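S.K.: Next up is a structure, given as structure tokens.
In the working numbering, the protein residues as written are 485 to 1100.
And the structure:
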């Protein structure tokens, strides 16, 4: 590899990154440049600080504590590394391999240049100096037994960076289709989010262990108190002497102390056992496991982990190199292409397509807009990602519910159901409050068509209704399993959802008409929004949405007040009031469509200029 070529491509990658920052605005470019400079300046202090801290703390640490420190460093490194990879996936490839074909660079040099330049990331600059300083401190304090930790750290970095480079190379050839690229980005985002939720699963298990330890401790205290009471009765009855009483009391107290010490040590031992099993099963934990084994005087696990990580990294790097060679030779993959299969001719009369259906009770324009919008949501990867966010939020808060569901009052169950519905609607707010921005240039169809504007709004609201119903059903089922509701409360969730959804649609229609935002193609991210628009959107999320949805809590609040005064009895107050509230919400929504339709017709030219990025 030519060193000058490497310098040139590193400089080129830096210029491309700087230009990307500059396009996002001068303030963004200044802030990102300041972050880069600060990170580079902090690399040396991080190395020296971690080395000095290791010299102070390592002599006092147990092997398990050394393993925990390495696990923390590894988890932090992998978290920021995964975020960086996800950000790279959402952008087009800056230096695709096809650009190297026009330059006097060999395939080996092109591969090494692209791989080494991909390592120049902020995560490497921040974490590697700290990890290297800690590794050298281990060797300095513990001696030759910890010497394998230095090559093991290099093998760990190779094991992480090489599969990442292989994955990105494979992805570059896979996502030549932009729609497929967005789908892959959504799938990768979901995988990363699920991985980051693993600590919540661990939090479900740790309180369970704590409760078991607390029960055993309470049992030991009760047993000691019963034994002391029995000895006191025996002493009063003259069955034992004072000396015998003192001796047996001291024995009971010693037994209680030993049991307490055993229970106190059992929790950390269980945690250490779980972490050890995880480090053994996951290759990313072999570095921390090797440090613990070497501190205990066992060098074999450390050497085996070093060999395993080196093999994984080298194998991934070799696979990536073979992919580079095939790409140079014009081969997309190593598989042989299949012979094209002639499509079979359709047999019989084809069934009705989705867009050809007509929804009962709706006009033809409203039905067509609703079905077309629903089909568009199913085909849009960024919309899928946005619609799946309520399930992610539900998983996070559901784990909290599992930990604290003991001792909750009865009315907390329907309140959790309302919170689940609000969680679904809040997750869909990014789609609903900018309904015309998602259409982009397609909004011209609504401007040119002769459909009544109220039908456009109605169709837009109905397009997302099936998804909202499915997500709400999933969330309410989870609430019913974790915290069962009474039958009347469970039935009241149906009109409660309708009321909350209609109120949400009214608010979303209003914001879509008066605060439209241009969205960059392929994303839901606003492109260069105005400050007033951002402030109004923030006000909607923080003020208007909670205020509108809080009005739908009137049935539950009324039942709670009546229960306090003993006036409810067996009457399903919440269900009856929810039905009345649903009827009122339907009337309000239906009457608002005409007024909002007039507002849409009056402002549709301004909306068109904004969502198509034609505004001056």
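Using N, Cα and C, we set each Cβ at its ideal position, and we do this for glycine too.
Quantities reported herein were computed from a predicted structural model and do not represent experimental measurements.
Whose C-alpha, out of 1033, 900, 756, is nearest the C-alpha of residue 552?
M.R.: Of the candidates 1033, 900, 756, the one whose C-alpha sits nearest the C-alpha of residue 552 is 756.
S.K.: Identify whether residue 719 lies in helix, strand or coil by the three-state DSSP scheme.
M.R.: Here residue 719 sits in helix by DSSP.
S.K.: Pair every Cβ in the segment 788-795 with every Cβ in the segment 636-653, then say whether three or more of these pairs are closer than 8 Å.
M.R.: Yes, they touch.
S.K.: Going by Cα to Cα distance, which pick from 544, 530, 528, 606 is closest to residue 566?
M.R.: Checking every option, the nearest Cα to that of residue 566 belongs to 606.
S.K.: Smallest Cα separation from residue 772: which of 554, 526, 1095?
M.R.: Ranking 554, 526, 1095 by Cα distance to residue 772 puts 554 first.
S.K.: So what's residue 846 in DSSP terms, helix, strand or just coil?
M.R.: Coil at residue 846, not helix or strand.
S.K.: Would residue 960 and residue 901 qualify as a contact pair, given that the criterion is a beta-carbon distance under 7 Å?
M.R.: Yes. Within cutoff.
S.K.: Note the first and the last residue of the continuous alpha helix (DSSP H) segment covering residue 1014.
M.R.: Looking at the DSSP string, residue 1014 is not in any alpha helix (DSSP H), and its letter there is neither H nor E.
S.K.: Are the CB atoms of residue 917 and residue 1092 within a distance shorter than 7 Å?
M.R.: It is not a contact, given that the beta carbons lie outside the stated cut-off.
S.K.: For residue 1051, which of helix, strand or coil comes out of DSSP?
M.R.: DSSP places residue 1051 in coil when its eight states are reduced to three.
S.K.: Does the beta-carbon of residue 1043 have 16 or more other beta-carbons within 10 angstroms, so that it is buried, or is it exposed?
M.R.: The residue is buried, with at least 16 neighbouring Cβ atoms inside 10 Å.
S.K.: Can you tell me whether residue 543 is buried or exposed? The criterion is at least 16 other CB atoms within 10 Å of its CB, across all chains shown.
M.R.: By the neighbour-count rule (16 or more Cβ atoms within 10 Å), residue 543 is not buried but exposed.
S.K.: Among 940, 1031, 1049, whose alpha-carbon lies nearest the alpha-carbon of residue 1077?
M.R.: Closest by alpha carbon: 940.
S.K.: I'd like to check one pair, residue 531 with residue 808: are the Cβ atoms closer than 7 Å?
M.R.: No, the pair does not count as a contact, with Cβ atoms beyond the cut-off.
S.K.: Would residue 608 be called buried (16 or more neighbouring beta carbons within 10 Å of its own) or exposed?
M.R.: Buried is the call here.
S.K.: Can you give me the C-alpha to C-alpha distance between residue 731 and residue 614, rounded to a whole angstrom?
M.R.: Roughly 56 Å between the two C-alpha positions.
S.K.: Which whole-angstrom value is the C-beta distance of residue 1025 and residue 913, which I expect to be below 8 Å?
M.R.: Right, the Cβ-Cβ distance comes to about 7 Å (below 8 Å), so this counts as a contact.
S.K.: Please report the residue range of the alpha helix (DSSP H) in which residue 898 lies.
M.R.: Note, residue 898: alpha helix (DSSP H), 896-911.
S.K.: The alpha helix (DSSP H) with residue 1027 in it runs from where to where?
M.R.: Note, residue 1027: premise wrong, no alpha helix (DSSP H); not H, not E.
S.K.: I'd like the ranges of any alpha helix (DSSP H) spanning at least 4 consecutive residues and lying wholly in the segment 514-568.
M.R.: Counting whole runs of 4 or more residues, the segment 514-568 contains no alpha helix (DSSP H) stretch at all.
S.K.: Within 10 Å of its beta-carbon, does residue 611 have 16 or more other beta-carbons around it, so buried, or fewer, so exposed?
M.R.: It counts as buried.
S.K.: Spatial neighbours of residue 576 within its chain, please: CB distance less than 8 Å, with the 5 preceding and 5 following residues excluded, ordered by chain position.
M.R.: With a pLDDT of 48 at residue 576, under the threshold of 50, the modelled position of this residue cannot be trusted, and the question is left open.
S.K.: Once the 5 residues before and after residue 602 are set aside, which same chain residues still bring their CB inside 7 Å of it?
M.R.: So the qualifying residues of the chain are 649.
S.K.: Spatial neighbours of residue 618 within its chain, please: CB distance less than 6 Å, with the 5 preceding and 5 following residues excluded, ordered by chain position.
M.R.: So the list reads 534, 538, once near-sequence residues are dropped.
S.K.: Considering Cα atoms alone, identify which of 995, 1058, 1023 is closest to residue 971.
M.R.: Closest by alpha carbon: 1058.
S.K.: In whole angstroms, give me the CA-to-CA distance for residue 644 and residue 559.
M.R.: Near 12 Å, if we compare the C-alpha coordinates of residue 559 and residue 644.
S.K.: Specify, as a first and last residue, the run of the alpha helix (DSSP H) that residue 987 falls within.
M.R.: Per DSSP, residue 987 belongs to the alpha helix (DSSP H) from 971-998.
S.K.: Would DSSP call residue 737 helix, strand or coil?
M.R.: Of the three classes helix, strand and coil, the one that applies to residue 737 here is helix, per DSSP.
S.K.: What are the boundary residues of the alpha helix (DSSP H) that residue 950 is part of?
M.R.: 949-966 is the extent of the alpha helix (DSSP H) around residue 950.
S.K.: I'd like the span of the alpha helix (DSSP H) that includes residue 933, first residue to last.
M.R.: Unbroken run through residue 933: none, as it is neither H nor E.
S.K.: May I have the straight-line CA-CA distance separating residue 651 from residue 597, to the nearest angstrom?
M.R.: If I take the Cα positions, the gap works out to 17 Å.
S.K.: For the alpha helix (DSSP H) containing residue 1091, list its first residue and its last residue.
M.R.: 1057-1095 is the span of the alpha helix (DSSP H), which, as asked, contains residue 1091.
S.K.: So, under 8 Å CB-CB, residue 924 and residue 1095 are touching, yes? Tell me the CB distance rounded to an integer number of Å.
M.R.: Contact flag correct, Cβ pair sits at about 6 Å.
S.K.: In whole angstroms, give me the CA-to-CA distance for residue 550 and residue 717.
M.R.: Approximately 52 Å, taken between the alpha carbons.
S.K.: Count the other C-beta atoms from every protein chain shown that fall within 10 angstroms of the C-beta of residue 1075, then say buried if there are 16 or more, exposed otherwise.
M.R.: So residue 1075 counts as exposed.
S.K.: So is residue 845 buried or exposed if we call it buried at 16+ other beta carbons inside 10 Å?
M.R.: Burial call: exposed.
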